[in-house]
Amino acid sequence: MHLGGYNRLTLQDYPAQTAAICFTTGCQLRCPYCHNAGLVLMPETDTVSELHHSNSLENELLSYIDKRHKQLDGVVISGGEPLLQNDLEEFIKRIRSYGLKIKLDTNGLLPERLTRLINLNLVDYVAMDYKNCRAHYAETVGLNKTDYQRQYAEHAYEKWYLSLRCLRNSGVDYELRTTVARELHPTDTLLIMADELGADGYYDERWYLQSFTSTAPIIADYTSSSELKLSAYSEIEMSEIRNLLRTKCLSVRLRSEQIA
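Quick note: the sequence shown uses the numbering used here, first residue 5, plus one each step.
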């Protein structure tokens, strides 16, 4: 496993569970608002020093879980994009051997791997990003500079929708989550997102909105999307957006309203 870090305890990342959380490196996307630049832009490498560091983090985490698993309910595997890790399945099995639950954070672009984990009963909760509607997906994920990038983004959106259908048919508990930035998510675009979710007759899906914040370096600071200046909606505006979207999707919530 290529791990970029871990936290021994989180009370916020797994609803109603006490969990440890680890972060894998690498991602297919370059969302300009992403705060995990150090993970996303860190390529998988075969250098001895990087492999040693990654293995050391994995061993540290597993050692901690071995000692403290009775005080934990589960482990959150976040990123980066965890499904890029070829040995993710074995990693999860090791954690499962302690009787712990698994929450997986994913961008949804690898539906085959997600489906396999679900079919093997290796995940208990999935949080999947809902970046934007189809028309604005490429810009939102930072892949709109060339024809090739835009074609890849279109393909990526199709893959994401396959993952959504997988979750809907799986019986696994899940949520969708959107980081909302004013420039990428004007109200009419958010309404289109709601319509796209409801296209297959799903109107009561757990969908969390979290406001963009610029309190730490973001991907846009390191990539060609740096000219895109992002800003946040106010708390009042976010509440108004939630209420508007609830006319189409009943279970839209703000992240601050998450109910344990």
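Here a beta-carbon is modelled for each residue, glycine too, at the ideal position from N, C-alpha and C.
When the beta-carbon positions are compared, Ile69 and Ile99 come within less than 9 Å of each other.
Note: Glu179 is bridge-paired with Ala131 in the DSSP secondary-structure output.
Here the stretch 117-131 lies against the stretch 88-97, with 3 or more beta-carbon pairs under 8 Å apart. For Lys163, same chain residues with a beta-carbon under 6 Å away, outside a window of 5 residues either side, are Leu113, Pro115 in chain order. According to the DSSP assignment, Lys105 belongs to the beta strand (DSSP E) that extends over 105-110. Boundaries of the alpha helix (DSSP H) harbouring Tyr141: 141-144, taken from the DSSP string. Looking at the DSSP output, Gln89 bridges to nothing. Take the alpha-carbon of Pro190 and the one of Lys135: they are about 13 Å apart. About 14 Å separates the beta carbon of Cys253 from that of Thr193, a gap too long to meet the 8 Å contact definition. Secondary structure at Thr14: strand, using DSSP grouped into helix, strand and coil.
In this structure, Ala198 is the residue among Gly83, Ala198, Arg154, Ser215 with its C-alpha nearest to the C-alpha of Asp208. According to the DSSP secondary-structure assignment, Cys26 is paired through a beta bridge with Tyr10, Ile81.
Distance check between Ile196 and each of Ile223, Glu239, Ala236, Arg250 places Arg250 closest, using alpha-carbon atoms only.
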